[in-house]
Every structure is written in structure tokens, then in C-alpha cells.
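Colleague: My questions will all concern the structure given below.
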Amino acid sequence: MTQVLSSAKAVLALLSEEENLVVLFALKRLSSLMDTFWHEVSAKLPLIEELAASEKLADETRRLASLVASQVYFHLGDYSNSVKHALAAGTSFDATTRSLFTDTILSRCIDTYVVYQETPESEREELPPKLEELFVSLTKSWVLENETTADLKEMVGFTVRALRLDFLEKVLRQSLSKTHSAEILNFTFYVANVLLQDITFRRKVLRLLADLYTDGLATIDYYSLAHCLLFLGDVEATSNLICGLWRGGSRAVAFQLAFDLFEYGNQEYLSGVVAHLGKQLGVSEQALGAVQSVPSASDAVGTAVAVPAPATLPSSAPTTTDDASGAASVAAVAESPEHKLLSVLSGQVTTSLHVKFLYARCVADVYVLTHIKKMTDPRNSVIHNATVVANALMYSGTTMDGFLRDNMKWLGAAQHWAKFTAVASTGAIHRGHTEEAMRVLEQYLPKGASVPTLPYQEAGALYALGLIYSPLGATRDRKTLKYLEENLQKFSTNVQMVHGASLGIGLTAMGLQDESLYDALFTCVTGMDAVAAEGASVGVGMLMLGSGNDIVVQSLKNVAYEENQKEKIIRGVCMAMALINLGREDEALLLAEELLESGDPWVRLGGCFVLGLAYAGTENAKTIEKLLNITVKDMSDDVRRTAVTMIGFLTFKDPNLCLDLIRVLVDSYSPHVRYGVAMALAVSAAGTGNVAVIDVLWDMLEDIVDYVRQGAAMALAMVMVQLTEKENSKVKDFRLLLEKKIEDRNEGRCSKFGYVLASGLLDAGGRNCTFALHKQRHRLDKAVVGVFMFLQYWYWYPYLLMITLAMQPTCIIGLNESLELPEYTFKSKAPPSTYAVPKSVLQEKRVKASEVQAVVLSTTRKEEELRQRRHQGPGGPGLPAGTSATGAAGGDGAAAEAGSKKNGDKDSTGASAEAAEQESTVEILHNPARVTAHQFAVISHDVDPRYVPLKPKPMGICLLKDTKPEMGAEVLVAPVVLSDRDEARVPEPFSYP
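Counting in UniProt numbering, the sequence shown runs from 1 upward without gaps.
Next comes the structure, spelled out in C-alpha cells:
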């Protein structure tokens, strides 16, 4: 029979004994009884602490006394003292046993160690040696015990959080030795980029991963390795990787890496890779320049794009004589495979493919623009300007400027800076069409006179030139840059020309960090009118994008601090400082804090800019807290509005986090804060179709302040882009709302401006583009710049066109190893209507017209019955009086006609319902195909009998592997040439009776 103790007093009495063994026995007994009698033991806590410090007792007894004291403090809720005594207990504290006490102590120890590791070395207090010993012993034992994938992932998170690279390497190498799989490496890569805030340690982790990806794996994951090197900015290692694949015979993989690197890499990185790789492959500088100067090099390497419809895109395949002459002009340059590889890295191939795809697949509804033009007064310059910009956004990258050509008289209503924007919009429409840039803008570009005859148009053309080259940049060709620089210096006294040329240089040379261009631009910052200086400042910022150049930042800061400095100049240099510090994170913190402490609200505005771009996409908690404090406490409406907006930049990888952070601000008394909330949600949820964000923005459409409604409409368009009615029923309601609000004569000019722009944003890029600031959690620098500058339209409307930098074509374009486009099919495991392009206005009107039933007036019916009674005679044979014989017999009377119409309506309704029921559950797509951002999740590549994608889950441009070369020559997509204007097709032959 087991005796149950009712009190621990007898055991506690033994603590007063002098014999060491007796005290040891008492402490062991108390440790086992602690959960039940801790309240009695706590009365003897001072005595227990004396025993722990006594030198008369044996070490084992003192350690056990420390453990008992730790247990007492744990039950009292004093966890700090509990941890201190647990560490003093040494080996008496068994960290391997699982209990609430043990788990709490370990978690507290780990948290303490992590806080110590995260604290800057200059601010650290001394770490208890026993805490270090405990952490090391725990980690070693846990590393040896890990067996399952879940345990390994837990250890990865633990070691990364503790900033212990040595233990992380042990965990990863142990996993690789057992599995030879890249799964745990990919997980570590995700953790490092998503959860790790310390940029220095993150680089160390990525460097470790770059080494491990080539060591111990059964199959090297070249794509993940390339992403590691991209984050590290390691030009030499990236070049060596591609060169090794190229010389090793894996040319398709090298091409795929080149496409991926151009998509994710910044200008400085790509320039370095191209230069280094060119030397390794033996391509001369002269040959590199020759490739860039060819008018249509992508055609020569077979970058053809076509669609099932009659319109198709150019191909280098010698299938037609028309295409042969075009290919011959560049054959001498493009015949080398090495040139093809460098063309891919420089972006020529990608840009050309996207332009041709957007041209061939453009389904933008021109009737939307026609309706806006019809319903608005051209004398209203604000709405007129908005319509021009909406057209540019709707047709961005498609090269289709028919609306402008067909409405030249209406376009002529633009005056002054509106003319500048109108001409610049041509650049947005022809974005990426670099081969024809000069020809398209020829009538507007400066003609050589020392004084511009049409300064607004000519300056707008220089800005347009930058927009055209913005997707490509200037990796090797400096011809366009020299042209822009010459015009900047030639017209250095003209405000409009300096402004346009500066923006053009910034867009064309984004991230190039060229010293001569910087000198030319900075001269205009310090010695020009406010408008010109602002443009030059923005040009400097884009030129030095992400460089963190302290000398340039200090020069700009001095300009901002000059006495009686103009608002536009201060704002311009603040934007420039933010752009220079894009992605610099903690390196830009001191600058941001200095700007935020200024008494000038425009300088504090710059502090918000710097925080937003320096920590873009990082979700840094401290920075978010700082911005929220500014939102609440700052006295300037501009600063508060900007602070809220910048939260969107920090959280664009997690829209739900952004919504949780600022949801309470939706009801703010300040309309500027509410507008900032709308823009923050637009930035964070752009292109996602997030339902919760849409619901919040939908309610904001009813705000009493016009510019809040303006922001809500534009934000909704950015979030809903490419969303279909099947995915969210509010899409159709939103389109109808925009139409209604634009028609409303009583709607304010400010809010109507937003509705017009929303119409263009909603159909971006011919309904084939989405807005994306990141791809697979990779920050897209140009897209971030585009959205950031777009939001500055609050002060300057021409910045609206910058949003085109964030437009990403959503498609799958498959290429073979020769960069030709073969016929290839794949499957969308969803009904075609789920992701279908919305119907045009004319289609909707036809549907509504077909649904209208014929109405027969009662007087007409009575007259018809009277006429028939007179014809048949009263009563009729075998029929009751008042009944038509023909009607009853089903002849050609009015009743029969009405019945046939009714039956016809039923038939049409039934047919449509039957068609809906019979709609296929899958859709077969043909290369190249429009695939929306949400549709990628249901794409399957198991249909085509010959080709499979080279990498899993491809998006955008992907290389195809020919699994059955024995099937003979590849069938390529038929070519067609880009046209300046859409023309009606020639009708089919027919015979006239």
C-alpha cells in the first residue's frame, strides 16, 4: 500500500541538518514533490538559496539546491530567476526530459540567447557562460537526434534564429548525407529570405547554400543555385555556372537560367554577368555591340510568337519567303549560339517576345475609351489627361496606338504639360519595342535646333524613349543613352527638355551607376528651375538605383537642407535618396532617422520614402512600427499619408499582413490617412485578387471625400486586374460602377479622374498583364520603382506612366534549344470560362438585346382578334365565340406568332443553359498562351506527346525538352509581322446570286 503525503514539512525540516547526504536526500525528495507542495517549499526559498551558495556542501548538493530553487521560482511565475538558478544547476537540470518546467526554461534560454545574438556587438551585455554551454550541448544533441524531415526543418529554423551558422551547416550536411535531396536546402533558402532580418547573416546562409547545392546532391539544382548567387550578387560565380553548363553541353539549362536571371536580376548585376560571360565565351566587345544594334535580333534567333487566331508573330523558321529576307539581314550576327545566350541575358529576347505576344493577344476594349471620351468634356484638362493615360495603360506594350491616331483632333486639346504626358504615353504603348523606337517617335523628337520649337512635345518624346527602353535597360548599347545625354546638355537651359531627358536617362540607364551620366544630371539638380531639378533628381535616383552610394546621398542631402529650398526640389532629392537605398535595409536606417528628425515636413516625407524602399518586401516589424507611429503622431498630412502608403511596400509579399496592420486606419478621421490605406492595400495586394482586401476597398468607394474614392477605385483596379467574374462576382459590378460614375455629370472631377484611370488599370496591357512587385518572393526592383513613382502622381501627373514598369505579361511561351517556338500544347484543369477574357461592351450589348422579348400591346391584340372574327364570322365552326380559328388551330395568327416567339426565347435560354452545362472541365492551350496569374496553379504539362518543360512549374518563358526527337523535324509556329495599325481581314470568297 502506497502512503500519500499530505504535507512536505517533514522533508523541509531535513534541510536544516548539517549532514550533506541528509540535505541531498531532502532536496531530491522536494524536487519530486514540487508540483504538489511548491507553496510550502516557497516558504523555505531563502534557506534553499543559501544551500545553493554554501561552500560547505558538495557540488552535487549545491547544484540540486539550485534546481529546487529554479522550480520554486517557476511556480511563482518569476521566470528570470528560474532560468538563472536552472543554469546554475548544471548537470542536475536534465534538458532532455519533456515537462512544462523544462520546456519553459529551455524556451526562455533560447529566447535570451537569440536576443543576445541579435543585439549589435557594441550594445551587448556579457552572456552567462553556462547559457552558452547549455545552448551548445542542446544543439549538438538535437542535431544527432533529428530523423524526420519535420525535425530537420525545426532545427533549421532554430539555428537560423539563433544566428549559428556552424550548427546550421551540421544540420544541412547531415541531411544531405542521408537523403542526397535538395528539399532541406530549398526550405533553408525560403527561411533565409522570408524570416531572416539580419542581412549580413542572410548573406552568409546564402553563401553556405550556394556551396551545398553543388556538394552532396544526387542531381544539382541549378535553378536554386542561380537564385542564391543572384541574391548574393556574385557576378563571377554566376558567369562560371552558366559557362560550365554551356561548355558541358547543357545549353538548354543555360538558356533557362539566362531567362530567369534577366527576369529577377538588377541592371548592375546583369551588366557584370554579360561582360564576364562574354570574355569567357570569347565574344569580343565589338560583337557584343553588334548584337545590340541589330534592328530585330530576336527574329533571327527564332523568337516567334503566334496564336490560334489568324494573327501570329514573327519566326526565324524559313517557312515563308517573306520572313527569309528579315532573317538574312541579321544572320551574320545571330548565327553564333553564344550571341543568342548573351542576347537572352541582356533582355533582348524576352522583351521582343513579350511585345509580340501582347500585340498578337491584345483584347483591350476600345469602346471603353470611346465611351469615356464621349461622356467627358475635352475642355476638362484633368479628365482629358486621365483618358490619355488610361489609353496608355490599357494598350501598354501592345504597340497599338490606334485610339490616338483616330482622335488626333481630340488629342489636340491637350495643353502645356498635358502635351508632354500625351506624347510620353506613346512610349508606354510601345514599351519594349526598341527596334522601332526612333521611328515611332520621329515626328516628336528634337530636330537639331538649338532652341526646341515644341518643347512640351519634344520633352515628352525623350521621356517616351525612356519608357520604351525601360524593360530592356542598356546592358551593352549606349547609343540611346548618348542621344539622351546630348539632348540634356544641348537644351540645358530649357525646363521641359531637361525634365524629359532626365526621366528618359533614368529609365533607360536604371541601376547602371554611370559617373558621366550622374555628373550631367546632378548639374541640373543644383542649377535649374524646380520642375527640371525634380526630374533630374529622379533621374539620379534611378541611375544609382540600389547602390547605396554614400557620396551621392550626401550630395543630395545637402541640396535638401539648403535654406529656402523649393518644395519640388526637396521632394525630388528625397525620392532620389529613397531609390538609391532600395533594398539596403539596415544600411539606410541612419539616413531615414536623420530625415525623420527634420523640422521640414518635406524632408520627413523623404524619411518615409527611405524606410519604405530600403525595407521593401522585408516585413520588418521595427520599421512597420516606426511608420505606424509616424501615421499617428506627425503633424503633416503629406507625411502621414505617405507613412501609411509605405507600409504597403514593406508587406507586398503578404497582403493579409498589410490588411491586419492598417485595417483600423480605414475609419481614421483623416481623409489623407484613409487615402494612404487604399494605396497601401493597392501596393501590397496588386494583382492578387485578395478577397478581404477587395471587400475593404469596396466599402471605401462610398467615402465622403472625393480623393479617397479616387484612391479606392484605382486600388481596386490594381487588385482586381485579370480577375474574372467567375472568380469574384464584384468584378462585373466594378466595371458597371466605373461606367456609371464616368457618365454621372454630378460626379466630382477628382473622383472621376480615379474612375477613368481605374478603367485603364483594370485592362492593363491589353488584358494580358498583371501588376507584380515580386515573383516567387523575389523582389522585382523595376516594378517597385514603377509603383513608387506612380504614386507620386499626387504631385505630378506624368509619373502615372511609370506604373508600366510593374506590368508583367502573364503567359507561357515555350522555346526549343534553338530559341524557336515549336507547336506545343498543355492543359488548364479548369473550365475555359473561369479565366476567360471578359466580354467587350458590344458583346454585352448584343447579349442584352437577344434577351429582350417582344412586347404586344393589349390594343394591338384586340384589333387583331377583331379582324380575325370579321374574317371567320362570329363563333366559327365548333369554336366558342371570341376565339380565333387560326389562333386555336396553331396557324399564322397573332397568338401563334407570340407563341413561336416565346418558344424561341425558351429555346435560346435553354440552349445557353445547356451550353453552360456542357462546358468542358479542362481547356487545352497552345504555345504561346495567355495564362493569368491565378491560372498557373491549375496548369498541367502532361498533354503534349513530344515536349515537356525543362523546369517544374514553369511561368513566363520556358525551355522545352524534346522527348521524342525521332518524330522528325520540329513543327514551328507560323510567323507574322508586327503592324502599326490593326486592319480588317480580307473577307472569304463568296458568290453573288
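Yeah, the Cβ is synthetic: ideal placement off N, Cα and C, and Gly gets one too. Here the structure is a predicted model, which means the values were calculated and not measured.
1. Grouping DSSP H, G and I as helix and E and B as strand, with all else coil, what is Glu49?
2. Flag this pair as touching only if the region 567-575 and the region 770-783 have three or more C-beta atom pairs under 8 Å; answer yes or no.
3. In whole angstroms, give me the CA-to-CA distance for Tyr444 and Asn494.
4. Give me the Cβ distance between Val389 and Thr421, rounded to the nearest whole Å; I'm assuming they're in contact under 8 Å.
5. Please report how far the alpha carbon of Gln457 lies from the alpha carbon of Ala424, in whole angstroms.
6. Report yes if the CB atom of Leu152 is closer than 8 Å to the CB atom of Ile184, and no otherwise.
7. If you measure between the beta carbons of Met789 and Tyr797, is that distance less than 8 Å?
8. Which residues bound the alpha helix (DSSP H) around Ile551?
9. Quick one: grab the DSSP three-state call for Gly956.
10. Report the start-end ranges of each alpha helix (DSSP H) in the region 571-601 that is 4 residues or longer and not cut off at the edges.
11. Given a threshold of 16 other Cβ atoms within 10 Å of its Cβ, counted over all protein chains shown, does Lys953 qualify as buried or as exposed?
12. Report the rounded CA-to-CA distance for Lys447 versus Glu436, giving the unit in angstroms.
13. Within its chain, find whatever has a CB closer than 7 Å to the CB of Pro655; leave out the 5 residues flanking it on each side and keep chain order.
14. How is Thr825 classed by DSSP in three states: helix, strand or coil?
15. Between Ala327 and Ile813, what straight-line distance do the alpha-carbon atoms span, to the nearest angstrom?
16. Under the DSSP definition of a beta bridge, which residues are partnered with Gly427?
17. For Thr188, is the classification buried or exposed, using 16 other Cβ atoms within 10 angstroms of its Cβ as the cut-off for buried?
18. Would you grab the beta carbon distance between Met718 and Ala682 for me? Rounded to a whole angstrom, and I think it's under 8 Å.
19. Since His430 and Thr387 are thought to touch, with beta carbons under 8 Å apart, how far apart are those beta carbons, to the nearest angstrom?
20. Could you spell out the range, first to last residue, of the beta strand (DSSP E) harbouring Met510?
21. Rounded C-beta distance between Leu45 and Ala8? I'm assuming under 8 Å.
22. Can you list, in chain order, the residues of its chain with a C-beta nearer than 7 Å to that of Lys726? Leave out the 5 residues immediately preceding and following it.
23. Assign Val114 to one of three DSSP states: helix, strand, or coil.
24. Closest to Thr104 by C-alpha separation, out of Phe74, Pro128, Glu118, would be which residue?
25. Considering only DSSP beta bridges, list what Thr770 is partnered with.
26. In its own chain, which residues sit with a C-beta less than 6 Å from the C-beta of Leu665, not counting the 5 before and 5 after it?
27. Which term fits Thr651, buried or exposed, when burial requires 16 or more other beta carbons within 10 angstroms of its beta carbon?
28. If you compare alpha carbons, which of Glu442, Thr376, Thr618, Ser175 is closest to Trp410?
29. Kindly give me the distance between the Cβ atoms of Ala418 and Asn385, rounded to whole angstroms, as I take these residues to be in contact under 8 Å.
30. What first and last residue would you give for the alpha helix (DSSP H) that runs through Pro455?
31. Classify Lys961 as helix, strand or coil using the three-state DSSP reduction.
32. Going along the chain, which unbroken runs of the alpha helix (DSSP H) with 4 or more residues stay wholly within the region 656-708?
33. Based on Cα-Cα distance, which residue from Ala715, Cys750, Leu261 lies nearest to Phe734?
34. Considering only their Cβ atoms, is the gap separating Trp698 from Lys740 smaller than 8 Å?
35. With Ile803 as the anchor, note down where its beta strand (DSSP E) starts and where it stops.
36. Taking all protein chains shown into account, decide if Lys902 is buried (16 or more other Cβ within 10 angstroms of its Cβ) or exposed.
Modeller: Well, looking at it:
1. In the structure shown, the three-state DSSP call for Glu49 is helix.
2. no
3. 16 Å
4. 7 Å
5. Taking the straight line from one Cα to the other gives about 8 Å.
6. yes
7. no
8. 550-560
9. strand
10. As summarised for the region 571-601, the continuous alpha helix (DSSP H) elements at least 4 residues long and confined to that stretch are 589-596, given in chain order.
11. exposed
12. 18 Å
13. Ser684, Ala685, Thr688, Asn690, Val693
14. strand
15. Any reading at Ala327 needs caution, since the residue's pLDDT is 35, under 50, leaving its predicted position unreliable; the model's value is listed next. Roughly 21 Å between the two C-alpha positions.
16. In DSSP, Gly427 forms no bridge with anything.
17. buried
18. 5 Å
19. Not really, about 19 Å apart at Cβ, beyond 8 Å.
20. Where Met510 is concerned, there is no enclosing beta strand (DSSP E), given that its DSSP letter is neither H nor E.
21. That pair is no contact at about 13 Å.
22. Ser833, Thr834
23. Looking at Val114 - three-state DSSP - the assignment turns out to be helix.
24. Phe74
25. Gln808
26. Within the same chain, Leu665 has close Cβ partners Val673, Val677.
27. buried
28. Looking only at Glu442, Thr376, Thr618, Ser175, the smallest Cα-Cα distance to Trp410 is reached by Thr376.
29. 5 Å
30. Where Pro455 is concerned, the enclosing alpha helix (DSSP H) stretches over 455-469.
31. Three-state result, Lys961: strand.
32. Runs found: 671-684, 691-700.
33. Checked all of Ala715, Cys750, Leu261; the closest Cα to Phe734 is Ala715.
34. In this structure, Lys740 keeps its C-beta atom at 8 Å or more from the C-beta atom of Trp698.
35. Premise fails: Ile803 is in no beta strand (DSSP E) and is neither H nor E.
36. With a pLDDT of 44 at Lys902, under the threshold of 50, the modelled position of that residue is not reliable, and the figure given next carries that caveat. Lys902 should be labelled exposed.
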